[in-house]
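Student: In case it helps, this note's numbering puts the sequence shown at residues 781 to 1148.
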Amino acid sequence: MFEKRRKQLGKSLKESGMQAVIISSPSNLYYFTGFTGGEAFFVMLLDSSFPKHEDTVQAGYVITDSRYYEQVEKECSGLALIRLEGKGYSEAVKELFDGMDGGGRVAIEGDMNLSQYLKLCEACKDYEFQVKGDVINSSRMVKDESELGKIRKAEEIGDAAFSYILEKIKPGMTEAEISFELEFYMKRHGASKLSFDTIVASGVHSSMPHAKVTERKIEIGDFITMDFGCVYQGYCSDMTRTIAVGNPTEEMKKVYQIVLDAGRRAMEQIAEGKKCSYIDSLARDYIKEQGYGEYFGHGLGHSVGLDIHEEPRFSPKCDTELRENMVITVEPGIYLPGRFGVRIEDLVAVTRDGFYNLTRSEKELVIL
């Protein structure tokens, strides 16, 4: 699996004119090598411009320190371990590159640590480092069956957590208590960690899309927006539900229904070949037609995998065409400042002629 991914990456980068690639982000380190440790460089040489390394072109090296030597040997089959032994990463890369004919072009990720980048530029002055994050990350857009299975399991844990919390919520509980119960349930039932900081936003706090959890107590008449997810065997889940405690006002019910219908309209058109911006427009235009366009400011969704926010996205600015087995959220929202907000989020997997919804929790308004 990892070897196949590396070969595809090497092919794509060679087509972009690269002679080598350096990867340091934890998610991509795992995706291309299997390494689950905290810190390393993966370096892959892509052509025979490296006369000392002809036998290892398109194989690769993992550079790390003594904390991870054994881990690399166990997890990174087919890759050579380079031991730092007191050297810095830039020095180790320079030694690896020595002998390349006349320098070359090296692909790096867009989120490489700035300090590491500057050290590489100083140590390897004959080399041109180019940001190729789009090429490096492109293969992660489409999930294989193993990845889909892990994401599905993570979302199942989230669904079960939502059912659990509905039995717990009552007036007088705090947002922090609800957050704790959700997180404890997910970790107790197979999650290794959270996908992101849990959002529990009640009452007036629900008008803030990414409100911080507080000690505010739940009151009769509140909306509560809960946005949460967990990680299962390295892969994330994500879901949001807004519920009511006590009888909501007619306006609250109206806004909830608009958000629900906007999501459904968008999902009805999800299929391979559709542009992400088009799917976003279906929900966005509907919310605007209903008079709430100025209160929906974020994108309709984002892809999910090893990271909670991946590409592509349902956004007015993203014209990427959907492909089978992409996994992406659909999360329209309306947020009325100082009053209340509603967001409903499902996680879907794209198929050739539609999608299937990984999120099974009820979407009709739940009133406790």
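Ideal Cβ placement from N, Cα and C applies to all residues, glycine included. The structure displayed is predicted, hence computed values, not measured ones.
With DSSP collapsed to three states, give me the class of Gly1121.
Tutor: strand
Student: Does the segment 845-857 touch the segment 904-921, meaning 3 or more C-beta pairs lie closer than 8 Å?
Tutor: no
Student: What is the DSSP secondary structure of Pro989, counted as helix, strand or coil?
Tutor: Here Pro989 sits in coil by DSSP.
Student: Classify Gln788: buried if its beta carbon has 16 or more other beta carbons within 10 angstroms, exposed otherwise.
Tutor: By the neighbour-count rule (16 or more Cβ atoms within 10 Å), Gln788 is not buried but exposed.
Student: When you compare only the Cα positions, how much space is there between Tyr774 and Cys1016?
Tutor: Since the first and last residues shown for the chain are 781 and 1148, residue 774 lies out of range.
Student: Starting from the N-terminal side, write out each stretch of the alpha helix (DSSP H) that is 4 residues or longer and does not extend beyond the segment 879-919.
Tutor: 894-903, 913-918
Student: Evaluate contact between the segment 1097-1106 and the segment 1056-1075, counting only Cβ atoms and requiring at least three cross-stretch pairs below 8 Å.
Tutor: yes
Student: Closest to Ala981 by C-alpha separation, out of Val1025, Phe1135, Ser943, would be which residue?
Tutor: Considering only alpha carbons, the answer is Val1025.
Student: Determine whether the beta carbon atoms of Ser804 and Met892 lie at a separation below 7 Å.
Tutor: In this structure, Met892 lies closer than 7 Å to Ser804 by Cβ.
Student: Note down the Cα distance separating Gly1134 from Asp906, rounded to an integer number of angstroms.
Tutor: 49 Å
Student: Do the CB positions of Ile1108 and Gly1081 come within less than 7 Å of each other?
Tutor: yes
Student: Roughly how many angstroms lie between the CA atoms of Phe877 and Phe821, to the nearest whole one?
Tutor: 14 Å
Student: Please report the straight-line C-alpha distance between Ser986 and Glu1090, rounded to a whole angstrom.
Tutor: 25 Å
Student: DSSP on Lys1097, reduced to helix/strand/coil?
Tutor: coil
Student: Who are the near neighbours of Arg996 in its chain, counting only those whose CB is closer than 8 Å to its CB and skipping five residues on each side?
Tutor: Closer than 8 Å at Cβ, skipping near neighbours: Thr954, Glu955, Ser982, Gly983, His985.
Student: Relative to the C-alpha of Leu1050, which candidate in Tyr1115, Leu1062, Val1039 has its C-alpha closest?
Tutor: In the sequence as presented, Leu is not what sits at residue 1050; that position holds Ile. Comparing Cα-Cα distances from Ile1050 to each of Tyr1115, Leu1062, Val1039, the minimum goes to Leu1062.
Student: What's the call for Asn1027, buried or exposed, on a 16-neighbour Cβ count within 10 Å?
Tutor: exposed
Student: Would you say the segment 914-925 touches the segment 783-799, given that touching needs at least three Cβ pairs under 8 Å?
Tutor: yes
Student: Identify the continuous alpha helix (DSSP H) that holds Val1039 and give its terminal residues.
Tutor: 1030-1047
Student: Does DSSP classify Phe821 as helix, strand or coil?
Tutor: strand
Student: Is it a yes or a no for the segment 996-1006 touching the segment 922-933, going by three-plus beta-carbon pairs under 8 Å?
Tutor: The segment 922-933 and the segment 996-1006 do not touch, with fewer than three beta-carbon pairs separated by less than 8 Å.
Student: Shortest alpha-carbon distance to Ile862 belongs to which of Lys950, Ile843, Gly818?
Tutor: Ile843
Student: Within this structure, are the beta carbons of Tyr1066 and Arg1093 separated by less than 7 Å?
Tutor: no
Student: Below 7 Å between beta carbons: does that hold for Cys856 and Gly814?
Tutor: yes
Student: Within 10 angstroms of its Cβ, does Phe942 collect 16 or more other Cβ (buried), or is it exposed?
Tutor: It is buried - the Cβ of Phe942 has at least 16 other Cβ atoms within 10 Å.
Student: Roughly how many angstroms lie between the CA atoms of Val1122 and Tyr965, to the nearest whole one?
Tutor: 24 Å
Student: Name the DSSP beta bridge partners of Asp924, please?
Tutor: Its beta-bridge partners do not exist; DSSP assigns none.
Student: Contact check, Leu946 vs Leu1148 under 8 Å by CB: the rounded distance?
Tutor: The Cβ separation is near 7 Å, so the contact holds.
Student: Within the continuous alpha helix (DSSP H) that includes Val873, where are the two ends?
Tutor: 869-877
Student: Which word fits Tyr1136, buried or exposed, when buried means at least 16 other C-beta atoms lie within 10 angstroms of its C-beta?
Tutor: exposed
Student: So Glu1104 packs on Val1130, CB below 8 Å; how close in whole Å?
Tutor: 6 Å
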